[in-house]
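I have placed the structure first, in the form of structure tokens, so that the comments after it can refer back to it.
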Ligand SMILES: Cc1cc2nc3c(=O)[nH]c(=O)nc-3n(C[C@H](O)[C@H](O)[C@H](O)COP(=O)(O)O)c2cc1C
């Protein structure tokens, strides 16, 4: 790749600008009141729209929820789901979901899982087909994740704190909310994106170091966790890294 010094400089600048947005994307679960301009919703979904996807299927749809009553219903439903999980003994550290009801920006993300059929599958119901379908589902989920991440980065670039909510529970919530949001039965509500000015400043959470997530040519076994170590991580570290400021996680 031949390049002048000027090009190189621009590339570094562009990378730094991108990293600035990536680093500034931080989860926050409580927002200050704010009227999100319609243009901002469009800028956010515009970013989501450009995401890559398996077979370029773009199996997503973004519903901007502006009705405060719908936001409140969604928040109540998700709060109820958390008590259910607590009763089931999942022991997952539960965030406070009250902030959803007053999130200035709330977008429901809908996935079309039928596009699994558009990926390399046999579609003959065989055991081999099932195995290919498993891979196809992963392709679809990665596609949605790529698009939602672009939306979150766009919101971060616009100066908003963001919140990625997948804790929507089982089928019941689909049955309850699809009619409220006019979502056809064939589609699935996959997650919810909340954003707005943070009520309290966002903080940077702990991230693994580069050498903990990267290696050349072969998986670095120094980063492999045995099942016991993983269970220990869940027991002792998970809650710390979910909620603590990175400067407070040692
Ligand atoms: C796929 C995915 C699912 C998530 N689901 C939830 C969720 O249901 N509820 C929640 O409060 N946070 C959820 N989060 C936010 C994570 O807890 C958060 O990203 C993580 O703690 C790291 O913090 P950071 O976003 O500030 O880097 C989710 C994030 C991702 C990427």
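Residue numbers (my numbering): -2 to 247. We put the beta carbon where it would ideally sit given N, CA and C, even for glycine.
Would DSSP call residue 30 helix, strand or coil? In the chain shown, counting from the first residue as 1, residue 30 sits at position 33. The answer is coil: DSSP assigns residue 30 none of H, G, I, E or B.
Helix, strand or coil for residue 190 per DSSP? On the chain shown, residue 190 is found 193 positions in, with the first residue counted as 1. Here residue 190 sits in strand by DSSP.
Please look up how many angstroms separate the CB atoms of residue 52 and residue 110, rounded, as I've assumed it's under 8 Å. In the chain shown, counting from the first residue as 1, residue 52 sits at position 55. In the chain shown, counting from the first residue as 1, residue 110 sits at position 113. So it is not a contact: roughly 14 Å between Cβ atoms.
Beta carbon of residue 26 nearer than 7 Å to that of residue 92: Counted from its first residue, the chain shown places residue 26 at position 29. Counted from its first residue, the chain shown places residue 92 at position 95. Yes; because the gap between Cβ atoms is below 7 Å, this pair is in contact.
As assigned by DSSP and simplified to three states, the class of residue 76: In the chain shown, counting from the first residue as 1, residue 76 sits at position 79. Helix, per DSSP.
For residue 24, which beta-bridge partners are listed by DSSP? As a working note, residue 24 is residue 27 in the chain shown. In the DSSP output, where bridge partners are listed per residue, residue 24 has 159.
If you follow the beta strand (DSSP E) that residue 142 is in, where does it begin and where does it stop? Translated into the one-based positions of the chain shown, residue 142 becomes position 145. Premise fails: residue 142 lies in the alpha helix (DSSP H), 124 to 154, not in any beta strand (DSSP E).
What three-state label does DSSP hand residue 70 in the structure shown? Here residue 70 refers to the residue found at position 73 of the chain shown. The answer is helix: DSSP assigns residue 70 an H, G or I state.
Beta carbon of residue 199 nearer than 7 Å to that of residue 112: The residue given as residue 199 occupies position 202 in the chain shown. The residue given as residue 112 occupies position 115 in the chain shown. For residue 199 and residue 112, no; Cβs fall outside 7 Å.
Are the CB atoms of residue 137 and residue 56 within a distance shorter than 7 Å? On the chain shown, residue 56 is found 59 positions in, with the first residue counted as 1. On the chain shown, residue 137 is found 140 positions in, with the first residue counted as 1. Cβ distance < 7 Å, so residue 56 and residue 137 count as in contact.
Could you please give me the residues that DSSP links to residue 107 through a beta bridge? In the chain shown, counting from the first residue as 1, residue 107 sits at position 110. Looking at the DSSP assignment, residue 107 forms a beta bridge with 58 and 186.
Considering residue 37, what are the terminal residues of the alpha helix (DSSP H) in which it resides? Locating residue 37 in the chain shown gives position 40, counting from the first residue. Unbroken alpha helix (DSSP H) run through residue 37: 35 to 46.
Grab me the residues of residue 143's own chain with a C-beta within less than 8 Å of its C-beta, minus the 5 sequence neighbours each way, in chain order. By 1-based counting over the chain shown, the position of residue 143 is 146. Same-chain partners within the cutoff: 48, 49 and 50.
Beta carbon of residue 161: closer than 6 Å to some heavy atom of ligand 1? Along the chain shown, read from residue 1 onward, the residue named residue 161 stands at position 164. Yes, Cβ of residue 161 sits closer than 6 Å to a heavy atom of ligand 1.
Relative to the C-alpha of residue 99, which residue among 194, 239 and 202 is closest? Along the chain shown, one-based indexing puts residue 99 at 102. Measuring from the Cα of residue 99, the nearest candidate turns out to be 194.
So does residue 202 have its beta carbon nearer than 6 Å to some heavy atom of ligand 1? The sequence position of residue 202 within the chain shown is 205, counting from 1. At least one heavy atom of ligand 1 is nearer than 6 Å to the Cβ of residue 202, so yes.
May I ask you to check if the CB of residue 83 is nearer than 6 Å to at least one heavy atom of ligand 2? With respect to ligand 2, the structure offers nothing, as its ligand set consists of ligand 1.
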